[in-house]
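Here the structure comes first, spelled out in structure tokens, and everything after it is commentary.
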């Protein structure tokens, strides 16, 4: 079945450490997204990529980095510069520009806790 | 700025009762609207979407929503809820062709027996 796989599901990190969250899709989607979810704040866009080897900052990109070397993969690194990284992180993908409405398919999420 | 407002953070309701979850969006020339559902510790899945045409949109699990341009609203309704509908519901918008979604803050639907 086609879908999006995020790993790990749960991750604990000490302050000052970088961590990388994996996101892989086999939907042949061009566009991929990372959202952060905090209670009562909905989803906020961190980074998005509409094509391989290109990505743009979203609304809350500070303290995060991404890469898009392959169409299927869009890993997110939470760096030590992110002041409040404890959150639920959601990866999504869509067919991309020219496909009409941007219907997103989401992964199951990764919960990051900073100790 | 484009925005989506979900005024109700939590809606408690009894099983088999009707429910309406409210969503208002800031006005725009042309907009797509969506409702997504999130079950605990899972990602979001699409319930329904409005692109154009009929203002009444039917989705999965018996949900429907009505696009009201004059009131800039896209409220979600279900005539009879089940325990399994307990989840968080997100309204989202996309300015036509812009390819970036803006989400509301979510409404937690709590269905009790």
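Residue numbers (the working numbering), protein chains in the order written: chain U, 31 to 145; chain D, 19 to 131. Ideal Cβ placement from N, Cα and C applies to all residues, glycine included.
query: Residues in its own chain within less than 6 angstroms of residue 77(D) by CB, not counting five upstream and five downstream?
result: 65, 66
message: Quick check on the burial criterion: 16 or more other C-beta atoms within 10 angstroms. Buried or exposed for residue 83(U)?
response: exposed
- prompt: Taking the alpha-carbon positions, what's the residue 82(D) to residue 32(D) distance?
  reply: 19 angstroms
- prompt: Helix, strand or coil: how does DSSP classify residue 101(D) here?
  reply: Collapsing the DSSP output to three states places residue 101(D) in a helix.
query: Of all the options 120(D), 130(D), 129(D), which has the alpha carbon lying nearest to the alpha carbon of residue 24(D)?
result: 120(D)
- request: Taking only beta-carbon positions, decide if residue 75(U) is within less than 8 angstroms of chain D.
  value: yes
query: Which value, in whole angstroms, describes the spacing of the CA atoms of residue 77(U) and residue 72(D)?
result: Each residue's alpha carbon lies about 34 angstroms from the other.
Own chain partners of residue 63(D) with C-beta closer than 7 angstroms, once the 5 adjacent residues on each side are dropped: 54, 55
- prompt: Is it the case that the Cβ atoms of residue 93(U) and residue 109(U) are separated by a distance below 8 angstroms?
  reply: Yes. Within cutoff.
task: Answer with buried or exposed for residue 68(U), where buried requires no fewer than 16 other C-beta atoms within 10 angstroms of its C-beta.
output: exposed
message: For the segment 133 to 142 of chain U against the segment 95 to 106 of chain D, do three or more pairs of beta-carbon atoms, one drawn from each stretch, fall closer than 8 angstroms, so that the two count as touching?
response: No: the two stretches stay apart, fewer than three of their Cβ pairs being nearer than 8 angstroms.
message: Counting C-beta neighbours from all protein chains within 10 Å, is the total for residue 96(D) 16 or more, i.e. buried, or is it exposed?
response: With at least 16 other beta carbons inside 10 angstroms of its own, residue 96(D) counts as buried.
- prompt: How about residue 106(U) and residue 88(U): do their beta carbons lie closer than 8 angstroms?
  reply: Contact: no.
Distance between beta carbons of residue 71(U) and residue 123(D), contact taken as under 8 angstroms: 6 angstroms
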